[in-house]
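Just so you know, the working numbering puts 450 at position 450 of the sequence shown, and the rest follows in order with no gaps.
All C-beta atoms in this analysis are idealised placements derived from N, C-alpha and C, irrespective of residue type, glycine included.
Structure, as structure tokens:
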Amino acid sequence: MPNETLSPIGAPERVSHARASQPGKEWWRTAVIYQIYPRSFADANGDGIGDLAGITARLDSLAALGVDAVWLSPFFRSPQNDAGYDVSDYCDVDPLFGTLDDFDRMRERAHELGLRVIVDLVPNHCSSEHVWFQEALAAGPGSAERDRFMFREGRGENGELPPNNWQSIFGGPAWTRVTEADGTPGQWYLHLFDSTQPDFNWKNEWVWERFREILRFWLDRGADGFRVDVAHGLMKADGLPDVPEPEEGESLAEAMMKPDEVPYWAQPEVHEVYRDWHRVLAEYDGDRVLCAEAWVEPLSRAALWVRDDEMHQAFNFSYLSTPWNAPKLRTVIDESIAAFGDVGAPSTWVLSNHDVVRHASRLGLTVHAAAPASGIGPASEDKPDEVLGLRRARAATALMLSLPGSAYLYQGEELGLPEVIELDDHVREDPTFHRTNGEVYGRDGCRVPLPWEADAPAFGFNATGASWLPQPAEWSAIARDAQEGDPASTLELYRRALALRAELRLGEGSVAWIDLGDDVVAFRTGEVVVITNLGDGAVELPAGEVLLASGPLDGRAVPTDTTVWLRPTS
């Protein structure tokens, strides 16, 4: 693959979307940001895979929805072994998605519509096809090129054992042994994810400088910021010690949230990387933003990523993982506002993304009521109650969008899309599914292309009917055009909630709790009272004007699994 092109030809120089705001008034503090998964959003050329031109053609719908920014999952050059999170050139667009000119047109159209554009950056690892890794393989042990990555000698009499016991997040060992130029078995390289995704050595200044160049490349093209993949990774503990044996019954996801015990997560040195990046973004005006994907707990630890000289936002996975339980929701809301507020950052709120079961299905499960990242498939014992899941998802979203700070939406949740469960094994592409021999279904079920038009080929995803993952026939009833103008639809609920959130400036609000019982989440924010009923019985509304309801009300009573926004009369 070609090397990085580090100076965009014809690209605007240091383009600003807007002048910098006063400290504390930056746009990202209250923004609603919409995640686009490019291969599944809209397909302009009809090959069955979404692209940048398709995104450009559909941006008007997102402006009409009422979001403030779009975050695009990776569209860089890539062999696509992990849907683009295996990058072979950070400064070019993969032909699957278009060209750099297509990016420029998309960014220009987004800015015309008042939408900011956030690029997904993958700094923990690249593709094994990246020229940097190919140079490392060719250069051999002890070379400067190999020091860009995590090469180590093996253990055992002849180096036949991996350097330590680390396991890949996608299943199997986190080390792969290479064959040297003379044909002999050689060193091992670390890949915390797929074997085609070698980890960088972030203790090498060469890596730091390359990523400064990458940041400036996209900032010069008008990007408004970056979502940073695996932001709690990058640095590994000195000596690469073994991971402690897992506790009985402990899942991989649970182990990942224990950075004190996992020597490849949340190492203190990683914060110096983001202080460095903060300085790069400060060279540009327009309030450019860094958002961390940092799977760490407790929330006070996650807040370390958003101290005032580091990143600006961090995904609130503690909130996403909270079960549908009123006391637990009240606790995580309190802890989130306190933890992020202590470092002067806004809390973020998120319910779905491209890595977890969609919340319209997740909240309809009986056993895995939190956030199973392993997916749901045909043989899963616990399958969602779709009616219950959607009712709770609508209530959960209405609650989330009333909270102070910034919120993230995942494409299709505004249509109430469920997880696609009935996918045949032969169409699945998630490396998690294949590396575990099908024991873990993975994330394909939340990545199925969107339905735009009920009666069009591929439901309007494109004009040919091609689709890289098959769309369920029943999605015709919940296509975007089928929901438009229907006041009871999930789409119109989102539009109404987003319009009210902006009008009432709820993102700038606060939370003053109201006691309506253990099974009710109720609080006042500004001029609005928010009530979410998670109990079995109905809850009577106080006197006032109902501004929003996630589902039908029974007169002045709020049924179970329903959220109401109320302007009280007193």
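Alpha-carbon to alpha-carbon, residue 55 and residue 2
Reliability of the predicted coordinates at residue 2 is poor, the pLDDT of 38 falling under 50, and the value obtained from them is presented with this limitation in mind. When rounded, the distance between both Cα atoms is 26 Å.
Following the continuous alpha helix (DSSP H) through residue 134, name the residue where it begins and the one where it ends.
131-139
Does DSSP put residue 126 in a helix, in a strand, or in coil?
coil
On a CA-only basis, which of 41, 552, 326 and 105 is nearest residue 517? Give me that one, please.
326
Just list the alpha helix (DSSP H) runs in the stretch 374-428, keeping only unbroken ones of 4 residues or longer that don't cross its boundaries, in chain order.
386-400
Cβ-based burial, residue 602 [other Cβ within 10 Å; buried from 16]
Lying before the first or after the last residue shown, residue 602 is absent from the chain, which here runs from 1 to 570.
DSSP three-state label for residue 90, please.
strand
Could I get the ranges of all uninterrupted beta strand (DSSP E) runs contained in the stretch 208-241, with 3 residues as the minimum, in chain order?
225-228
Is the beta carbon of residue 81 closer than 8 Å to that of residue 230?
no
If we count the other Cβ atoms within 10 Å of its Cβ and call it buried at 16 or more, is residue 22 buried or exposed?
exposed
Taking buried to mean at least 16 other C-beta atoms within 10 Å of its own C-beta, is residue 413 buried or exposed?
buried
Which class does residue 7 belong to by DSSP, given the choice of helix, strand or coil?
The predicted model places residue 7 with a pLDDT of 33, which falls under 50 and marks its position as unreliable; any figure quoted below should be read in that light. Coil.
Leaving out five residues on either side along the sequence, give the residues of the same chain with a beta carbon under 7 Å from the beta carbon of residue 400.
349, 351 and 407
Have a look at residue 272 and residue 213 and give me their C-alpha separation to the nearest angstrom.
17 Å
Do you know offhand how far residue 410's Cα is from residue 360's?
12 Å
Which whole-angstrom value describes the C-beta separation of residue 567 and residue 508, a residue pair presumed to lie in contact below a C-beta threshold of 8 Å?
The pair is not a contact, with the Cβ atoms about 17 Å apart (cut-off 8 Å).
Residue 282 versus residue 168: straight-line alpha-carbon distance, rounded:
35 Å
Just to confirm my understanding: we take residue 470, look at its own chain, exclude 5 residues before and 5 after, and list those with CB closer than 6 Å. What are they?
none
Would you mind reading off the limits of the beta strand (DSSP E) that contains residue 292?
289-292
CA-CA distance, residue 390 and residue 41?
21 Å
Tell whether a beta-carbon distance below 8 Å holds between residue 511 and residue 522.
no
Length-filtered (4 minimum) alpha helix (DSSP H) runs lying within the stretch 24-69:
38-41 and 52-65
With 16 as the cutoff for other CB atoms within 10 Å, does residue 275 come out buried or exposed?
exposed
Rounded to the nearest angstrom, how far is the Cβ of residue 289 from that of residue 225, given a contact under 8 Å?
3 Å
Please list the segments of the beta strand (DSSP E) lying wholly inside the stretch 315-358, counting only runs of 3 or more residues, in order along the chain.
348-350
Kindly list the residues whose CB is nearer than 6 Å to the CB of residue 31, restricted to its own chain and excluding five residues on each side of it in sequence; keep chain order.
68, 69 and 406
Determine the DSSP secondary structure at residue 22, reduced to helix, strand or coil.
coil
Apart from the five residues on each side of it in sequence, which residues of its chain come closer than 7 Å, Cβ to Cβ, to residue 50?
38, 39, 40, 41, 42, 43 and 449
Can you list, in chain order, the residues of its chain with a C-beta nearer than 6 Å to that of residue 227? Leave out the 5 residues immediately preceding and following it.
71, 118, 120 and 291
Classify residue 513 as buried or exposed, calling it buried when 16 or more other Cβ atoms lie within 10 Å of its own Cβ.
exposed
Nearest to residue 198 by CA position, among 208, 137 and 237, is which residue?
137
Beta carbon of residue 496 nearer than 8 Å to that of residue 415
no
Where do the ends of the beta strand (DSSP E) carrying residue 572 lie?
Nothing about residue 572 can be reported from this structure: the residues present for the chain run from 1 to 570 only.
Express the C-alpha separation of residue 305 and residue 335 in angstroms, rounding to a whole number.
16 Å
Below 8 Å between beta carbons: does that hold for residue 537 and residue 440?
no
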